[in-house]
Every structure is written in C-alpha cells, then in structure tokens.
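Everything in the sequence shown is counted per this note's numbering, starting at 35 for the first residue and increasing by one. Data block below; observations after.
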Amino acid sequence: MDCIFCKIVKGDLPCNLVYENDLIMCFLTIEPINEGHVLIIPKSHYLDTDEIPTEVVTSMMVLSKRIVKVIKEKYSPDGYSVMQNGGEFNDIGHYHMHVFPRYKGDGFGWTFSDKKHNFSQEIAKELKIMLDKEI
C-alpha cells in the first residue's frame, strides 16, 4: 500500500510524534493552519468514519479532548477546531482528524455558496428514521 500515513505507522517515514497507543497515533502536521496543529490517525488503514471500529473512534475523540486542553494551556487561542474530511475530500486516503488552535484573523474559515438550501422538518424526519435503523 502506498499510503503515507501507513508508512508513518510502520516507521518507514518520520513524524513529529505527540502521542501513540496501540490503536492511534498523533503527530504534528507538515502543513499547519497554526502552530500546534496535530493530526490523529488510526494505526489501521480506513478511509471514512463509518469504517472505523467504535473503540478506535472513541480513542481518537478522547485524545482530541485532551489535546484541546493542552492547546488551550500552551497557546491561549481564541478557539480551536476539531475536524475531518471524508470520501473524496479526504486528500490523504487514510482517515485523519485535525485538531488545531484558532485565532481571530488567522485566515482559516468556511466558504459558502449563494445557493439556498431547504432544511426542512421532513429532511430531519427522514434522517432520523434512517439513523434509527442503524442503531
């Protein structure tokens, strides 16, 4: 497999390791939004959230909470972001979660189109029915 994160997990590529356990790794990204920007990855290869075992996702979320606490203490940011991109928007092809400090005027933000969306109760109801079937 030619996955850069799998190579990091195997030790074939270096990283600035912040945390590691049997399930996950956390290291500084090479393209930070702000200083302290880390990536949390599962050690096994997955593309999307829904593929990852609950135990691994839980470990990642618990670590993200701990990292936020450390980021607040070290950097005193105005806020922080915890995010991930799925499907074709996962540019690496290996699931990863970003955690980074945020500051007013740091230039990072969402962009929106002028397209109007219909966020109706019917859509909420349909999604709820589908979700209830999953549980």
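Ideal Cβ placement from N, Cα and C applies to all residues, glycine included.
Let me know the secondary structure DSSP gives residue i once reduced to three states.
i	result
residue 161	helix
residue 121	helix
residue 73	strand
Since residue i is in the beta strand (DSSP E), which residue starts that stretch and which ends it?
i	result
residue 60	58-62
residue 54	51-54
Roughly how far, in whole angstroms, is the beta-carbon of residue i from the beta-carbon of residue j, given that I think they are within contact range, below 8 Å?
i	j	result
residue 130	residue 86	Wrong, their Cβ atoms sit about 11 Å apart, outside the cutoff.
residue 68	residue 140	6 Å
residue 142	residue 70	Contact doesn't hold; Cβ gap of about 13 Å is too wide.
Starting from residue i, follow the alpha helix (DSSP H) in both directions and report where the run begins and ends.
i	result
residue 81	Unbroken run through residue 81: none, as it is neither H nor E.
residue 134	Not the alpha helix (DSSP H): residue 134 falls in the beta strand (DSSP E), residues 131-136.
residue 126	Run containing residue 126: none; DSSP gives neither H nor E here.
residue 88	88-109
residue 39	38-44
Would residue i and residue j be called neighbours here (beta carbons separated by less than 9 Å)?
i	j	result
residue 245	residue 115	The first residue shown for the chain is 35 and the last is 169, placing residue 245 beyond what the model contains.
residue 94	residue 58	yes
residue 56	residue 41	no
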